[in-house]
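Notes to accompany the following structure.
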Amino acid sequence: MKISIIGGGGTRVPVLVRGLLDLQEQLGLAEISLSDTDANRMSAIGKVLDAIVRQRGAHITITRAEDFRSCVAGAAFVIAAIRVGGDRMRVLDERIPLSMGVLGQETVGAGGFAMAVRTIPVVLDLVRELREAAPHAWFINLTNPSGIVTQAILSHAGFRNAVGICDAPSSIAALVAHILKVEPEDVVLDYYGLNHCGFVKSVRILGADVLPQLLSMLGGLPELESMTHFTPAYILRLGKLPNPYIWYYAFKRESLGEALAAGETRGEEMERRNSALMAQLAVTEDPVTVYDAYLGDREDGHLAKEYRRTMNIRDGEGYSAVAMEVLLALSGKRQLVVPVNVLNQGALPFLAPDDVVEVPSLLSERLIRPLAVGPVDAESQLLIQQVKSYERSLVDAIVYHDTEELIRSLALNPLVPSPAVARELVSAFREQEAPYFDIFR
Ligand code: G6P
Ligand code: MN
Numbered sequence: 023m024k025i026s027i028i029g030g031g032g033t034r035v036p037v038l039v040r041g042l043l044d045l046q047e048q049l050g051l052a053e054i055s056l057s058d059t060d061a062n063r064m065s066a067i068g069k070v071l072d073a074i075v076r077q078r079g080a081h082i083t084i085t086r087a088e089d090f091r092s093c094v095a096g097a098a099f100v101i102a103a104i105r106v107g108g109d110r111m112r113v114l115d116e117r118i119p120l121s122m123g124v125l126g127q128e129t130v131g132a133g134g135f136a137m138a139v140r141t142i143p144v145v146l147d148l149v150r151e152l153r154e155a156a157p158h159a160w161f162i163n164l165t166n167p168s169g170i171v172t173q174a175i176l177s178h179a180g181f182r183n184a185v186g187i188c189d190a191p192s193s194i195a196a197l198v199a200h201i202l203k204v205e206p207e208d209v210v211l212d213y214y215g216l217n218h219c220g221f222v223k224s225v226r227i228l229g230a231d232v233l234p235q236l237l238s239m240l241g242g243l244p245e246l247e248s249m250t251h252f253t254p255a256y257i258l259r260l261g262k263l264p265n266p267y268i269w270y271y272a273f274k275r276e277s278l279g280e281a282l283a284a285g286e287t288r289g290e291e292m293e294r295r296n297s298a299l300m301a302q303l304a305v306t307e308d309p310v311t312v313y314d315a316y317l318g319d320r321e322d323g324h325l326a327k328e329y330r331r332t333m334n335i336r337d338g339e340g341y342s343a344v345a346m347e348v349l350l351a352l353s354g355k356r357q358l359v360v361p362v363n364v365l366n367q368g369a370l371p372f373l374a375p376d377d378v379v380e381v382p383s384l385l386s387e388r389l390i391r392p393l394a395v396g397p398v399d400a401e402s403q404l405l406i407q408q409v410k411s412y413e414r415s416l417v418d419a420i421v422y423h424d425t426e427e428l429i430r431s432l433a434l435n436p437l438v439p440s441p442a443v444a445r446e447l448v449s450a451f452r453e454q455e456a457p458y459f460d461i462f463r
């Protein structure tokens, strides 16, 4: 089997490759092919990959393809994790809104909006080419904003073998397992909503819903707030478990305040860490040690080391684990239920059948079937519906190059305070993120 990684010079690619090497025999994996538009990054990360393969004594060919077409030719799976415009644009995505008193974040709100504008045209071109070059391949999308990108693919690329994934639902499962002292594999979440905008309405262990029991235990967990941003009291009142990104919607003032008060945005931190990594990789004799130190520091931004230690989480594991499960299932090695981004098809009755949603889905050989979630409370429906209208309108605006629709979509985002601010934000992005906004009439 051949697997392609688009964005092969990405700083999380070694995590994916480690995951793939763990499954090498099960998958019958003979080749990993990488492609990236940034040759320097690819050679720096390539050094880490070569060293990982050498250390493991793995027999596998890692090829660096000249272009997308040769990268995907003959591949069974194409994993895409690209960042159009690089770290510099992530910084602008965050800084431009913050300069106007609006949340700037990589994937939600105005930041995710600008990222979608840059990314979707590129991904649609890639998937249309994939349709010609490897029509039977599966496109596993990790490219953010993952849900919106997957919506664009499934609505506009004429290609159905695509699925969007994210580690956030599984990070909730890891936390639940930690609290209940069970194995994460034994936890089944009734997660529902959209990527970076959803909730867990029940937690099943051996079939029984243990959410009430879990909620009653939260009072004894003062560390919950530093692990998740949410206090036990908040979750108890909510009566369900929020996706970590719900923080931005439920605590608008606090999350914006924190972003404004920080000296550095997460994007600026990543730009700094990533360029230090590149500089170190250029000179080191031991790329794996350099990389692992980088990864550990980066993960600290998600969950402090002490918690990762007590929870027994290997650095980066969360990021690759969902992708690996999806690969195993789609290649017929196992059947499983996992929340992924797919066409709704009735799983959430309050959204359209062709809306992309993040819901538990049954995965088996070449099959992804979303499972019915059943009734959900009115409050979360409202948020999910509003965010979905924003996403649909944004995808249309991008595909049809429509400036007015673009502004309208941003104004629909719950984190954008008014239509006038949406208009100002779009002008600022057009100016500072040109040429990515030049497609709009
Ligand atoms: C979580 C999200 C990903 C996102 C990442 C950002 O894992 O689920 O979608 O890419 O955070 O991480 P970073 O280390 O780049 O800030
Ligand atoms: Mn994610």
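With our numbering applied, the sequence shown closes on residue 463, and no number is skipped along the way. For every residue, glycine included, the Cβ atom is placed at its ideal position computed from N, Cα and C. Please read these numbers as outputs of a predicted model, since none were measured by experiment.
Put simply, of GLU116, TYR271, VAL37 and ILE28 the residue whose alpha carbon is nearest the alpha carbon of GLY220 is TYR271. The residues ILE25, ILE27, VAL39, LEU42, ILE82 and ILE84, in chain order, have a CB closer than 7 Å to that of ILE54 in the same chain once the five nearest residues on each side in sequence are set aside. Residues of the same chain with a CB within less than 6 Å of the CB of ARG91, apart from the 5 flanking positions on each side, are ALA155 in chain order.
Taking the Cα of ASP418 as reference, the smallest distance to any Cα among GLY108, LEU432 and LEU202 is reached at LEU432. VAL344 sits close to ILE187, with the two beta carbons spaced by under 9 Å. Of the residues SER415, ARG34, ALA326 and VAL381, the one whose Cα lies closest to the Cα of LEU365 is VAL381. Under the DSSP definition of a beta bridge, VAL443 lacks any partner.
Annotated as distal: GLY368 and PRO397, with beta-carbon spacing of 9 Å or more. Cα atoms of PRO206 and GLU455: separation of roughly 41 Å, rounded to the nearest angstrom. With a minimum length of 3 residues, the unbroken runs of beta strand (DSSP E) contained wholly in the segment 175-227 fall at 184-186, 209-216 and 219-227.
Under the three-state reduction of DSSP, VAL106 is assigned to coil, being neither helix nor strand.
Around the beta carbon of VAL305, fewer than 16 other beta carbons lie within 10 angstroms, which makes this residue exposed.
Residue state for ILE257 is assigned as helix, using DSSP reduced to three classes.
Contact holds between the segment 398-412 and the segment 198-218, because three or more Cβ pairs, one in each stretch, are under 8 Å apart. Of LEU233, ALA315, ARG78 and MET292, the smallest CA-CA separation from GLN127 is found for MET292. In this structure, the alpha-carbon of SER65 lies about 35 Å from that of MET249. With fewer than 16 other Cβ atoms inside 10 Å of its own Cβ, LEU282 counts as exposed. The Cβ atoms of ILE420 and VAL198 lie no closer than 9 Å to each other. A distance criterion of 8 Å places the beta-carbon of THR253 beyond contact range of ligand 1, judged by its closest non-hydrogen atom.
For LEU146 against HIS178, the beta-carbon gap comes to about 6 Å, under 8 Å, which counts as contact. Per the C-alpha coordinates, the member of ALA190, THR172, ALA195 and ILE194 positioned closest to ALA184 is THR172. Under the DSSP assignment, ASN163 falls in the beta strand (DSSP E) whose first and last residues are 160-163. Look at which beta carbons fall closer than 7 Å to any heavy atom of ligand 2; those residues are THR129, ASN166, SER168, CYS188, ASP189, ALA190, ASN217 and HIS218.
In the three-state scheme derived from DSSP, where H, G and I count as helix and E and B as strand, PRO436 is classed as coil. Under the criterion of beta carbons closer than 8 Å, VAL379 and LEU373 qualify as touching, at roughly 6 Å.
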